[in-house]
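In UniProt numbering, the protein residues as written are 1 to 123.
Printed below as a string of structure tokens:
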């Protein structure tokens, strides 16, 4: 319900208030990748400077300790975003960051059987 309010606020209301709603939601539920995805979508669509803000959010979510299998769709979304909006250097930077994330989190989650190779991500 609060998620829907945040979406409506982005679309029809105060964008800063919408960001606050999502920031509070994500502070309470940092491993909810669906919330991260919606937040990123709303920022890309409605923010005044979507490229910088979206990159910042993608970087934040990649710094969390979430199993790579759960993050796979967000990682693909990040790559697609950079391919669509960024330069070759931006895409390469994203690939480096994703590889670093996968290596770090696969090592931290060995017991969860979450081994995800970067070639699964269509680099």
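A virtual CB, placed ideally from N, CA and C, is assigned to each residue, including glycine.
* To do: With a 10 Å radius around its C-beta and 16 neighbouring C-beta atoms as the bar for buried, classify residue 8 as buried or exposed.
  => Residue 8 is exposed by the Cβ-count criterion.
* Asked: Which residues in the same chain have their Cβ closer than 6 Å to the Cβ of residue 18, if we skip the five residues on either side of it in sequence?
  -> Here the set comprises 6, 9 and 10.
* Are residue 74 and residue 99 closer than 7 Å when you measure CB to CB? -> no
* For the alpha helix (DSSP H) holding residue 171, just list the boundary residues, first then last. => Only positions 1 to 123 of the chain appear in this structure, which leaves residue 171 out of reach.
* Find the nearest neighbour of residue 41 within the set 31, 59, 54 and 89, judged by alpha-carbon distance. => 54
* **Whole-Å CB distance - residue 51 paired with residue 39, under 8 Å assumed** => Actually they are not in contact, since the Cβ atoms of residue 51 and residue 39 sit about 15 Å apart, beyond 8 Å.
* In terms of residue numbering, what span does the alpha helix (DSSP H) encompassing residue 3 cover? -> Unbroken alpha helix (DSSP H) run through residue 3: 2-12.
* Asked: Going by the beta-carbon positions, is the gap between residue 58 and residue 29 smaller than 7 Å?
  -> no
* To the nearest angstrom, how far is it from the Cα of residue 23 to the Cα of residue 88? -> Approximately 30 Å between the Cα atoms of the pair.
* Outcome for residue 71 when other beta-carbon atoms lying within 10 angstroms are tallied against a minimum of 16 -> buried
* **Separation of residue 65 from residue 106, as counted between CA atoms** => 10 Å
* Helix, strand or coil for residue 92 per DSSP? -> helix
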